[in-house]
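Protein chains in written order, with our numbering: chain E, 2 to 96; chain D, 13 to 124; chain B, 15 to 133; chain C, 170 to 298. Only one structure is covered here, and it is reproduced in the block below.
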Amino acid sequence: MPLHIIKQSPFDSPSLAQCKLTLSAGDAILFIENGIYCLNHTDSELQKLAENYSLYILSPDAETRGISNFPDYVTAIDYEEFVKLTIEFSASISW
Amino acid sequence: MDYFLTHKDKKVATDKAGYLLDVEDWDNELALILASGEGIELSDEHWEVVTFVRDFYMEFNTSPAIRALVKAMQMKYGPDKISSRYLQRLFPKGPAKQATKIAGLPKPAKCL
Amino acid sequence: MSNSIAIINRSAPYGSSHATESLDLAMIAGTFGQDISVYFFGDAVFQLIEQQKPQTKGVKNLSKVIKSLIFFDVENIYVCQKSMQERSIQLSELCVDATLLSNDDLKASINKHSRIMVF
Amino acid sequence: MTSFTLLITSPAFDSQSSHTAYEFCSAALKLGHKIDSIFFYHQGVTNSNNFSVHHSDEVNLHQLWKSLATEYELRLNVCVSAANRRGIITEQDAEEIDTTYYNLDKPFESVGLGELMTSMNASDRLVQF
């Protein structure tokens, strides 16, 4: 069960699309850096993704980019919680 | 600073450690010169390894580290003949280092 | 499982240094006796094309380097079937005998590893 | 307590990822976890370049890593081949190529990739940035 870390914008990188192909039950996705823009990407259908996977967003990176109202299907976390997630999951994949 | 060997009245460029800069410069006589620089007199057994290492590089574009060299040579000559000890005896300062130098190949990556 | 390594390649060859340095890493992992699997996913399937012919001196033919992985004890080479199809590449065009994985098999295979790197 | 190996493959200045790694590392240490090594490979080796010059009001990751490493006795390992290719060399490398300048200095350490294997085997987790 890996933690998938998305750090690139879905508008210019296949990161999220590739990550989706490798998701299996119990996985989680964390959006950081330009991966934050996945929230703006309607094609990504994050809300639908949230039905089966836990979605997290690194709040310092979101706030840096002017995003502070998070949809309720993502959980905003800080760096300490980021560390805890990497411990909770047996592996991480940085897309 | 430029480093070179003199061979057939021509300068052959090397790096500071004495490895040829261009694999195409190599020939059998140059191998003898490179070997003498390593204090090695090339026997048939040495030639077999040197030729093998050079062929490996040409086929795979990479120099074999010792484990890879042993594995590849064993596939060709059998495990009875080839072992890391056998190669070590032929090239006391390290088979990967010395055999690649004599074979005219670039200095192996420092990563190992 | 505990220390097994997965290297996921997803970059095309030549356009960047990802492929070259990923292969270096795979070779060293194999040489150090690590349990390693190498995946070719997305544009990285182009790394496996047999008919590569670099025209510039000093640029290594990556298909040749990939062929040497076996001697560095890197034996588990997997390629994503979907990525091949998307790029209309046939198995016969590949330089090595890679295991073709369906999407489900790909997931299951990657999930067996605890150290996963992406290049 | 969990032990980590952090693998940094993104460039120091041109991407945010090295900075994310720094924040992650600081948070992990604050939580009492152990960082077995921070391994710089691929474009990540630029973090070790002592010749990077920044305005005083800009982030200087090179200095931040140095301070953190000194405070917590961290190992900052840099792959020698990846560094050399990108113009980052140690005093010893400089001698080998007949130059007097070098830009990789302590506590950054120039090592082979085998060190990454050793570190990963000792750690509970690997996280790549």
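C-beta: ideal position from N, C-alpha, C; glycine also.
Exposure of residue i, with buried meaning 16 or more beta-carbon neighbours within 10 Å
i	result
D/M87	exposed
C/H223	exposed
C/Q297	buried
C/E192	buried
E/A26	exposed
E/F12	exposed
D/E57	exposed
D/Y31	buried
D/A29	exposed
B/M98	buried
B/Y92	buried
B/S106	exposed
E/M2	exposed
C/G213	buried
Length of the line joining the Cα atoms of residue i and residue j
i	j	result
B/M15	E/S91	With a pLDDT of only 46 at B/M15, under the threshold of 50, the placement of this residue in the model should not be trusted; the figure read from the coordinates follows. So the two alpha carbons sit approximately 11 angstroms from each other.
B/V73	D/A47	28 angstroms
B/Q61	C/D226	43 angstroms
D/I52	B/M41	29 angstroms
E/S10	D/P104	54 angstroms
D/P120	D/E41	22 angstroms
C/N253	E/D44	42 angstroms
D/R79	C/V228	44 angstroms
E/L40	E/C20	15 angstroms
C/T287	C/D183	29 angstroms
E/L24	B/D57	19 angstroms
B/C109	B/V52	15 angstroms
C/K199	B/S128	24 angstroms
B/P27	D/M13	34 angstroms
E/I94	C/L237	25 angstroms
C/K275	B/S102	50 angstroms
C/S187	B/E100	33 angstroms
E/Y54	D/A77	44 angstroms
C/L230	E/S16	26 angstroms
B/L76	B/E35	11 angstroms
B/F86	E/F71	48 angstroms
D/W38	D/I45	11 angstroms
D/F72	D/T18	29 angstroms
C/T171	C/D293	6 angstroms
E/S14	C/Q185	16 angstroms
B/S123	B/F54	13 angstroms
Closer than 9 angstroms at the beta carbon, the chain B residues around residue i
i	result
E/I94	A20, I22, I124, I130, M131, V132
D/P76	S82, F85, F86
C/H202	Near C/H202 there are no residues of chain B at all, since even the closest Cβ is about 17 angstroms away, more than 9 angstroms.
C/G283	I42, T45, F46
D/E71	K78, K81, S82
Same chain only: Cβ atoms within 6 angstroms of residue i, ignoring 5 sequence neighbours per side
i	result
C/E284	N246
D/E50	Q110
E/A18	none
D/Y69	S75, L117
E/L86	L4
B/N23	S36, F54, A58, F133
Cross-chain neighbours of residue i in chain E, by beta carbon under 7 angstroms
i	result
B/F55	Q19
B/N117	L22
C/R294	T87, I88
Residues of its chain near residue i, where Cβ-Cβ distance is below 7 angstroms and the 5 sequence neighbours each way are ignored
i	result
D/V82	I94, S95, S96, L99
C/E127	An answer regarding residue 127 of chain C cannot be provided, because it is not within the stretch 170 to 298 covered by chain C.
E/R66	I37
B/Q95	L114, L115, S116
D/T26	Y15, F16, L17, L32, L33
D/A84	F68, P76
C/A190	L175, I177, F298
Contact list for residue i against chain C, beta-carbon separation under 7 angstroms
i	result
E/K8	S186
B/A43	M286
D/A121	S250
Contact list for residue i against chain C, beta-carbon separation under 8 angstroms
i	result
B/N17	M289, N290
Contact set between residue i and chain C, taken where Cβ atoms lie within less than 9 angstroms
i	result
B/F60	Result: empty, since nearest Cβ-Cβ is about 19 angstroms, beyond 9 angstroms.
7 angstroms Cβ cut-off: residues of chain B touching residue i
i	result
E/P15	G56
C/Q308	This structure leaves residue 308 of chain C out entirely; chain C is present only between 170 and 298.
D/A84	F85
Residues near residue i by beta carbon distance below 8 angstroms, same chain, minus five either side
i	result
C/I266	I258
D/L54	A43, L44, A47, V62, I114
Contacts that residue i makes with chain D (C-beta to C-beta distance below 8 angstroms)
i	result
C/E265	K28, A29
Cβ-heavy atom distance, residue i to the ligand MG, below 8 angstroms
i	result
B/N23	In the structure on display, the ligand MG does not appear, and there are no ligands present to speak of.
- Query: Would you call the segment 55-68 of chain E and the segment 30-41 of chain E touching, i.e. three or more CB-CB distances under 8 angstroms?
  - Reply: yes
- Do the segment 279-292 of chain C and the segment 73-85 of chain E make contact, defined as three or more Cβ pairs closer than 8 angstroms? no
- When the Cβ atoms of the segment 176-194 of chain C are set against those of the segment 264-271 of chain C, are three or more pairs found closer than 8 angstroms? no
- Query: Touch check for the segment 59-67 of chain D and the segment 69-83 of chain B: three-plus C-beta pairs under 8 angstroms?
  - Reply: Under the 8 angstroms Cβ criterion, the segment 59-67 of chain D does not count as touching the segment 69-83 of chain B, having fewer than three qualifying pairs.
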